[in-house]
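Q: I have a structure I would like to understand better, so I am pasting it below and will then ask my questions one at a time.
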Amino acid sequence: MNLDSKIPQGPMAEKWSNYKANQKLVNPANKRKLDIIVVGTGLAGASAAASFGEMGFNVKNFTIQDSPRRAHSIAAQGGINAAKNYPNDGDSVHRLFYDTVKGGDYRAREANVHRLAEVSNDIIDQCVAQGVPFAREYGGLLDNRSFGGAQVSRTFYAKGQTGQQLLIGAYQALMRQVNAGTVDLYTRTEIVDIVMVDGKARGVIARDLVTGEFQRHFGHAVVLATGGYGNAFFLSTNAMGSNGSAAIKAYEKGAAFANPCFAQIHPTCIPVHGEFQSKLTLMSESLRNDGRIWVPKKKEDAEAIRAGKLKPTQIAEENRDYYLERRYPAFGNLVPRDVASRAAKERCDAGFGVGTTGLAVYLDFKSAIERLGEDAIRARYGNLFQMYEKIVDDNPYETPMMIYPAIHYTMGGIWVDYELQTTVPGLFAAGEANFSDHGANRLGASALMQGLADGYFVLPYTIQNYLADDISTPRMTGDEKEFVDAESEAKAKFEKLLAIKGNRSVDSIHKELGLVMWDFVGMARNKEGLEKAIERIAEIKKEFWSNVRIPGSGEGMNVELEKASRLADFITTGDLMARDALHREESCGGHFREEFQTEEGEAMRQDDQFAYAACWEYQGADKAPVMHKEDLTFEVVKVAQRNYK
Amino acid sequence: MENNISLTLKVWRQNGPKDKGRFETYKLDKVSTDSSFLEMMDILNEQLVNEGKEPVAFDHDCREGICGMCSLYINGRPHGPDDDVTTCQLHMRKFKDGETITIEPWRSAGFPVIKDLIVNRNAFDTIIAAGGYTSVSTGGVPDANAIPIPKVDADEAMDAASCIGCGACVATCKNGSAMLFVSAKVSHLALLPQGKVEAARRAKNMVAKMDELGFGNCTNTGACEVECPKGVSISNIARLNREFLKAKLAD
Ligand SMILES: Cc1cc2nc3c(=O)[nH]c(=O)nc-3n(C[C@H](O)[C@H](O)[C@H](O)COP(=O)(O)OP(=O)(O)OC[C@H]3O[C@@H](n4cnc5c(N)ncnc54)[C@H](O)[C@@H]3O)c2cc1C
Ligand code: SF4
Ligand code: FES
Numbered sequence: 003m004n005l006d007s008k009i010p011q012g013p014m015a016e017k018w019s020n021y022k023a024n025q026k027l028v029n030p031a032n033k034r035k036l037d038i039i040v041v042g043t044g045l046a047g048a049s050a051a052a053s054f055g056e057m058g059f060n061v062k063n064f065t066i067q068d069s070p071r072r073a074h075s076i077a078a079q080g081g082i083n084a085a086k087n088y089p090n091d092g093d094s095v096h097r098l099f100y101d102t103v104k105g106g107d108y109r110a111r112e113a114n115v116h117r118l119a120e121v122s123n124d125i126i127d128q129c130v131a132q133g134v135p136f137a138r139e140y141g142g143l144l145d146n147r148s149f150g151g152a153q154v155s156r157t158f159y160a161k162g163q164t165g166q167q168l169l170i171g172a173y174q175a176l177m178r179q180v181n182a183g184t185v186d187l188y189t190r191t192e193i194v195d196i197v198m199v200d201g202k203a204r205g206v207i208a209r210d211l212v213t214g215e216f217q218r219h220f221g222h223a224v225v226l227a228t229g230g231y232g233n234a235f236f237l238s239t240n241a242m243g244s245n246g247s248a249a250i251k252a253y254e255k256g257a258a259f260a261n262p263c264f265a266q267i268h269p270t271c272i273p274v275h276g277e278f279q280s281k282l283t284l285m286s287e288s289l290r291n292d293g294r295i296w297v298p299k300k301k302e303d304a305e306a307i308r309a310g311k312l313k314p315t316q317i318a319e320e321n322r323d324y325y326l327e328r329r330y331p332a333f334g335n336l337v338p339r340d341v342a343s344r345a346a347k348e349r350c351d352a353g354f355g356v357g358t359t360g361l362a363v364y365l366d367f368k369s370a371i372e373r374l375g376e377d378a379i380r381a382r383y384g385n386l387f388q389m390y391e392k393i394v395d396d397n398p399y400e401t402p403m404m405i406y407p408a409i410h411y412t413m414g415g416i417w418v419d420y421e422l423q424t425t426v427p428g429l430f431a432a433g434e435a436n437f438s439d440h441g442a443n444r445l446g447a448s449a450l451m452q453g454l455a456d457g458y459f460v461l462p463y464t465i466q467n468y469l470a471d472d473i474s475t476p477r478m479t480g481d482e483k484e485f486v487d488a489e490s491e492a493k494a495k496f497e498k499l500l501a502i503k504g505n506r507s508v509d510s511i512h513k514e515l516g517l518v519m520w521d522f523v524g525m526a527r528n529k530e531g532l533e534k535a536i537e538r539i540a541e542i543k544k545e546f547w548s549n550v551r552i553p554g555s556g557e558g559m560n561v562e563l564e565k566a567s568r569l570a571d572f573i574t575t576g577d578l579m580a581r582d583a584l585h586r587e588e589s590c591g592g593h594f595r596e597e598f599q600t601e602e603g604e605a606m607r608q609d610d611q612f613a614y615a616a617c618w619e620y621q622g623a624d625k626a627p628v629m630h631k632e633d634l635t636f637e638v639v640k641v642a643q644r645n646y647k
Numbered sequence: 005m006e007n008n009i010s011l012t013l014k015v016w017r018q019n020g021p022k023d024k025g026r027f028e029t030y031k032l033d034k035v036s037t038d039s040s041f042l043e044m045m046d047i048l049n050e051q052l053v054n055e056g057k058e059p060v061a062f063d064h065d066c067r068e069g070i071c072g073m074c075s076l077y078i079n080g081r082p083h084g085p086d087d088d089v090t091t092c093q094l095h096m097r098k099f100k101d102g103e104t105i106t107i108e109p110w111r112s113a114g115f116p117v118i119k120d121l122i123v124n125r126n127a128f129d130t131i132i133a134a135g136g137y138t139s140v141s142t143g144g145v146p147d148a149n150a151i152p153i154p155k156v157d158a159d160e161a162m163d164a165a166s167c168i169g170c171g172a173c174v175a176t177c178k179n180g181s182a183m184l185f186v187s188a189k190v191s192h193l194a195l196l197p198q199g200k201v202e203a204a205r206r207a208k209n210m211v212a213k214m215d216e217l218g219f220g221n222c223t224n225t226g227a228c229e230v231e232c233p234k235g236v237s238i239s240n241i242a243r244l245n246r247e248f249l250k251a252k253l254a255d
């Protein structure tokens, strides 16, 4: 397996400029002859497809939803980072780069992260030009807020709907290209396989979710921007349709899958409340700017609260344990997500949790309301408070919110080199689908930045370097043997699923997988549990392939069939996550191995052994995958134990 | 407080665009009032699958009121009986034990039914493609702080931009007009200097596309504003009309 990261020559701050100065380009007349397939219309996919279209390429863009604007990116609340340093508080490209590598617990590739920080400012300019209504100050200039893991205010936001506004900006740019005829849009269409011709990705097999028909599409290059795989846990903050299938298809075609065990557990989600629960709702991290996290200091109080005999507002100030402020005085409530999540688990495991289940902590706005007034808090977080109230039926202006960690984001993903190309030539991956920039932990407001960086400012350059050698490759018709074979294989898989005719619904099996993932591959992992998880997942796989029940047929719309085919891939993903977590005998970022912690319960990395990206290579349906390493070297950043105290 | 309720559901079933469609009645017991409306639908579907029947198809994705995908007409109201919420944010505590709930798809000429409760809203994308953007390409744009924008304008633009493209406004309008949706986009962009440049042309092109796609005329009934889950204001329609007039005068 070739894991050449293709990091350009030169000092860190000049690598991207050097790359651009020396890369190959495609002239306008030739761009017209080249087709690019972009799978996904989230921030990464929409921005890439729109930009390719503007440049003159022929683009085919796919989404499983009914409109590009529905992609999961729409749900991002808090904000997007950039190194503008408008507040003059000491920010810079270097600092954003440094914070991101450190926040990722030194498991990301420096050169990629530096480029991300470099283009971050261009993103904000681009979005403003598109009409993204970022929050402004009375002077008319852009406002910033702070997010976890940073001591500067570098986060731009649009109320609590930043992802929505950024995606609508990208969507509109995309629709402008659809109107111009450079982009063909395929909605309610799912990519079910990648077509390989002579060792290169040359197209996809799609399934029309309305008619059930299969389609063959050719592209000189294929970009996957299909988001993360957090829904392997069944319950997560991801949208119901978020899935990791396209990534698994790539993996099965030979693309390395990197660091699958690096998943982020977000500390501030609305706690689970029943068996019927279908998803978990995130309360934006931005709330930690003004909200203070606490549990009762006394166990009796926690018990009384759980029994419904005491209200949080009745607990006196001196009887509250603001445990993040206590443990991490320098960062307080704004420690990175992994640290905040584990601290909540620690308190709840120790018996101080609240809510009926004891699996919740408080996020309290009392001090902020006293300091700033209710109106100021309403202006900042009004829609989040409303969302909370509609779900929980509690008024957070009066009583503290209850929160608990939940699966939120996957740092791991398809391995890509500096050009965002996978180990399969011609196959690129962008946004949450790749593993590139966040190491073992992603800082808040950095996913939006990465998605748009990849789509607007990285791929439009790097893909040309690949396509420049392809200008005389003629378009294929889709009738070539490789396409025909790939289509019949995909069809056979769907027919196999329909033929099982077992006794269990897709969701019931997915929930079972989710529980195994949460119990053994969740916030705290250990060897024994992970070994058990691998065994259990194998059993679930067997159960699925022999006992799933999918009513209806392959013709027309069949939602259960869609879900089943995605669950088959989540099972593969879950297995990969558990294997990766088992092999990584250290704690870093979102990956916490109980065997590797300090006496105070902080994560202990093992840099001498694990300073690498673990890249898994597929070996066949029932064979264990093989792991290869991309060693990480740090030229600029000084590797140290993260310290937020 | 959490309670369990029993329900009778009258659900619209339609096996594809050409099927005539009909109501089917289902009984559901022990639904927690803490569950959301769509979780209640999940419970129904789980029951149907276990009985070997085809589950009810409905659109949804984010389940937190932001993607605009969910779209049910519940007891005669788009997004159901609660105010300022989407269907996915509606909770069962709004219903009574023993209640009969009627669930239909959006019904409008502009949104043909695909299956059961799922409709085709591609027309909204086509309207946006007709001009709902600023004509700038990636790169070569000025610094984000080059043009100061009064906070009130930015905030008002943000309010208009909160439209989630769900289509409740169309579904509730007796004329099947898409004016609230179109005006939200025209306003969002016209309020900002970056979008102002093309404001009149945009209004004209989007309205023309809306008419072409078979949406009805606006007669100012105001029903759309009432049902909009995001509180998009009808005053946007007045702004759209102004921009539209400007374009007509310029012709
Ligand atoms: C609730 C929530 C809040 C968040 N808040 C923030 C925040 O404040 N700041 C921040 O930086 N990040 C935030 N994030 C993370 C961030 O939103 C995501 O990581 C990011 O938007 C992912 O974008 P993407 O373009 O990579 O993928 P997505 O937006 O997930 O898009 C995936 C696309 O791929 C398509 N697709 C998937 N599979 C297929 C297939 N097989 N065939 C065809 N199409 C397919 C989908 O239809 C969709 O269009 C948040 C995430 C959540 C869950
Ligand atoms: S204006 Fe309101 S009702 Fe109409 S599509 Fe937008 S959000 Fe939905
Ligand atoms: S499912 Fe997204 S708005 Fe309801």
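Quick mapping for you: the protein sequence lines, in order, are chains A and B.
For the first sequence, counting from 1, position 277 maps to 279 in the working numbering; every step adds exactly one.
For the second sequence, counting from 1, position 160 maps to 164 in the working numbering; every step adds exactly one.
For glycine and all other residues, C-beta sits at the position ideal for the given N, C-alpha and C.
Suppose you measure from the CA of A/TYR253 to the CA of A/VAL41; what does that come to, to the nearest Å?
A: Counting from 1 along the first sequence, the entry for residue 253 of chain A is found at position 251. Counting from 1 along the first sequence, the entry for residue 41 of chain A is found at position 39. Cα to Cα, the separation comes out at about 15 Å.
Q: Mind listing which residues of the segment 510-527 of chain A have their C-beta closer than 7 Å to chain B's C-betas, in chain order?
A: Those would be none; no residue qualifies.
Q: Helix, strand or coil, according to DSSP, for B/TRP16 in the structure here?
A: Taking the first residue of the second sequence as position 1, residue 16 of chain B is located at position 12. Residue state, collapsed to three classes: strand.
Q: What are the residues in the segment 234-261 of chain A lying within 7 Å of chain B by C-beta distance?
A: ALA241, MET242 and GLY243
Q: Identify the contact partners of A/GLU562 in chain B, using a Cβ-Cβ distance below 9 Å as the criterion.
A: For the purposes of this step, residue 562 of chain A is taken as residue 560 along the first sequence, with counting starting at 1. Within 9 Å Cβ-Cβ: ASN49, VAL53, GLU58 and PRO59.
Q: Can you grab the Cα-Cα spacing for the pair A/GLY256 / A/VAL426, in whole Å?
A: Here residue 256 of chain A refers to the residue found at position 254 of the first sequence. Here residue 426 of chain A refers to the residue found at position 424 of the first sequence. For A/GLY256 and A/VAL426, the distance between alpha carbons rounds to 6 Å.
Q: Exposed or buried, which one is A/LYS8 when buried takes at least 16 other CB atoms within 10 Å?
A: Here residue 8 of chain A is taken as the residue at index 6 of the first sequence, counted from 1. Using a 10 angstroms sphere on the CB of A/LYS8, the tally of other CB atoms stays under 16, which defines it as exposed.
Q: Identify, in the order they occur along the chain, each residue of the same chain with its Cβ nearer than 7 Å to the Cβ of B/LYS22, setting aside the five sequence neighbours on each side.
A: Within the second sequence, numbered from 1, the residue matching residue 22 of chain B stands at position 18. Answer for B/LYS22: no residue qualifies.
Q: Going by alpha carbons, who is nearest to A/TYR406 out of A/THR464, A/GLY355 and A/ARG644?
A: Translated into the one-based positions of the first sequence, residue 406 of chain A becomes position 404. A/TYR406 has its Cα closest to that of A/GLY355, out of A/THR464, A/GLY355 and A/ARG644.
Q: Report yes or no: is there a C-beta of chain A within less than 7 Å of the C-beta of B/ASP129?
A: Taking the second sequence and counting its residues from 1, one reaches residue 129 of chain B at position 125. Closer than 7 Å: yes.
Q: Sort out for me which residues DSSP pairs B/SER36 with in a bridge.
A: Sequence index remark: in the second sequence, residue 36 of chain B carries index 32 (1-based). Answer is B/ASN8, bridged to B/SER36.
Q: What number of angstroms, rounded off, separates the C-alpha of A/MET389 from the C-alpha of B/GLN93?
A: For the purposes of this step, residue 389 of chain A is taken as the residue at position 387 of the first sequence. For the purposes of this step, residue 93 of chain B is taken as the residue at position 89 of the second sequence. Cα-Cα distance, rounded: 8 Å.
Q: Between the C-alpha atoms of A/GLY603 and A/TRP296, what's the straight-line distance to the nearest angstrom?
A: If you number the first sequence from 1, residue 603 of chain A lands on position 601. If you number the first sequence from 1, residue 296 of chain A lands on position 294. For A/GLY603 and A/TRP296, the distance between alpha carbons rounds to 18 Å.
Q: Using the Cβ count rule (16 or more neighbours within 10 Å means buried), how would you classify B/LYS178?
A: For this step, residue 178 of chain B is matched to residue 174 along the second sequence. Answer is exposed; the Cβ neighbour count stays below 16.
Q: Kindly examine ligand 1 and report whether one of its heavy atoms sits closer than 6 Å to the Cβ of A/SER567.
A: If you number the first sequence from 1, residue 567 of chain A lands on position 565. No heavy atom of ligand 1 is found nearer than 6 Å to the CB of A/SER567.
Q: Please determine whether the Cβ atom of B/SER187 lies at a distance below 6 Å from any heavy atom of ligand 1.
A: In the second sequence, residue 187 of chain B corresponds to position 183, counting from 1. Flag unset: Cβ of B/SER187 not near ligand 1.
Q: I'd like to know if the segment 265-274 of chain A and the segment 620-633 of chain A are in contact, where contact means that at least 3 CB-CB pairs between them fall below 8 Å.
A: no
Q: Counting only runs of 4+ residues fully inside the segment 488-537 of chain A, write out the alpha helix (DSSP H) ranges in chain order.
A: 508-522
Q: Going by other Cβ atoms of all chains shown within 10 Å of its Cβ, with 16 needed for buried, is B/THR176 buried or exposed?
A: Looking up residue 176 of chain B in the second sequence gives position 172. Burial call: buried.
Q: Give, in chain order, every residue of the segment 199-221 of chain B whose Cβ lies closer than 9 Å to some Cβ of chain A.
A: Near chain A, meaning a CB-to-CB distance below 9 Å, the residues of the segment 199-221 of chain B are GLY199.
Q: Can you list the residues of chain B that A/GLU139 reaches, using a CB-CB cut of under 7 Å?
A: Counting from 1 along the first sequence, the entry for residue 139 of chain A is found at position 137. Simply LYS155.
Q: Who are the neighbours of A/LYS495 on chain B, taking C-beta pairs under 7 Å?
A: Residue 495 of chain A sits at position 493 when you count from the first residue of the first sequence. Here the premise fails: no neighbours, minimum Cβ distance about 21 Å.
Q: Within its chain, find whatever has a CB closer than 7 Å to the CB of A/LEU98; leave out the 5 residues flanking it on each side and keep chain order.
A: Residue numbering aside, residue 98 of chain A sits at position 96 when the first sequence is read from its first letter. Same-chain partners within the cutoff: ASN83, ALA85, ALA119, SER122 and ARG156.
Q: Does B/SER36 pass the burial test, meaning 16 or more other C-beta atoms within 10 Å, or should it be called exposed?
A: Taking the second sequence and counting its residues from 1, the one referred to as residue 36 of chain B is at position 32. With 16 or more Cβ atoms within 10 Å of its Cβ, B/SER36 is classed as buried.
Q: Curious, which full-length alpha helix (DSSP H) runs of at least 4 residues does the segment 93-164 of chain B contain?
A: 126-133
Q: When we look at the beta-carbon of B/PHE62 and count the other beta-carbons within 10 Å, is it buried (16 or more) or exposed?
A: Taking the first residue of the second sequence as position 1, residue 62 of chain B is located at position 58. By the beta-carbon neighbour count (other beta carbons within 10 angstroms, threshold 16), B/PHE62 is buried.
Q: Return yes when the Cβ of A/ARG294 is within less than 7 Å of the Cβ of A/ASP366, no when it is not.
A: The residue labelled residue 366 of chain A in the question sits at position 364 within the first sequence. The residue labelled residue 294 of chain A in the question sits at position 292 within the first sequence. Cβ distance < 7 Å, so A/ASP366 and A/ARG294 count as in contact.
Q: Looking at the strands, I want to know which residues DSSP matches up with B/LEU76.
A: Looking up residue 76 of chain B in the second sequence gives position 72. Listed as beta-bridge partners of B/LEU76 by DSSP are B/PRO109.
Q: For B/ALA194 and A/ASP323, I'd like the C-alpha separation in whole angstroms.
A: In the second sequence, residue 194 of chain B corresponds to position 190, counting from 1. In the first sequence, residue 323 of chain A corresponds to position 321, counting from 1. Taking the straight line joining both Cα atoms gives about 49 Å.
Q: Can you give me, in chain order, the residues of the segment 69-87 of chain B that have a beta carbon less than 9 Å from any beta carbon in chain A?
A: GLY69, ILE70, CYS71, GLY72, MET73 and ASP86
Q: Should A/PRO553 be flagged as near chain B, meaning a C-beta pair shorter than 7 Å?
A: The residue given as residue 553 of chain A occupies position 551 in the first sequence. It does; some Cβ of chain B falls within 7 Å.
Q: Should A/LYS281 and B/ARG17 be called a contact, given that it needs their Cβ atoms to be closer than 7 Å?
A: For the purposes of this step, residue 281 of chain A is taken as the residue at position 279 of the first sequence. For the purposes of this step, residue 17 of chain B is taken as the residue at position 13 of the second sequence. Contact flag unset, no.
Q: Going along the chain, which residues of its own chain have a beta-carbon closer than 8 Å to the beta-carbon of A/ASP577, five neighbours each way excluded?
A: Taking the first residue of the first sequence as position 1, residue 577 of chain A is located at position 575. ILE536, ILE539, ALA540 and LYS543.
Q: What in chain A is Cβ-close to B/LYS22, meaning under 9 Å?
A: Against the second sequence, residue 22 of chain B aligns to sequence position 18. Those do not exist, as B/LYS22 stays about 11 Å from chain A at its closest Cβ, beyond 9 Å.
Q: Using a Cβ-Cβ cut-off of 7 Å, state whether B/ASP38 counts as contacting chain A.
A: If you number the second sequence from 1, residue 38 of chain B lands on position 34. True, the Cβ-Cβ gap to chain A drops below 7 Å.
Q: Nearest-angstrom Cα distance between B/ILE241 and B/GLU231?
A: Start at 1 with the first residue of the second sequence, and residue 241 of chain B comes out as number 237. Start at 1 with the first residue of the second sequence, and residue 231 of chain B comes out as number 227. Distance between the alpha carbons of B/ILE241 and B/GLU231 is about 15 Å.
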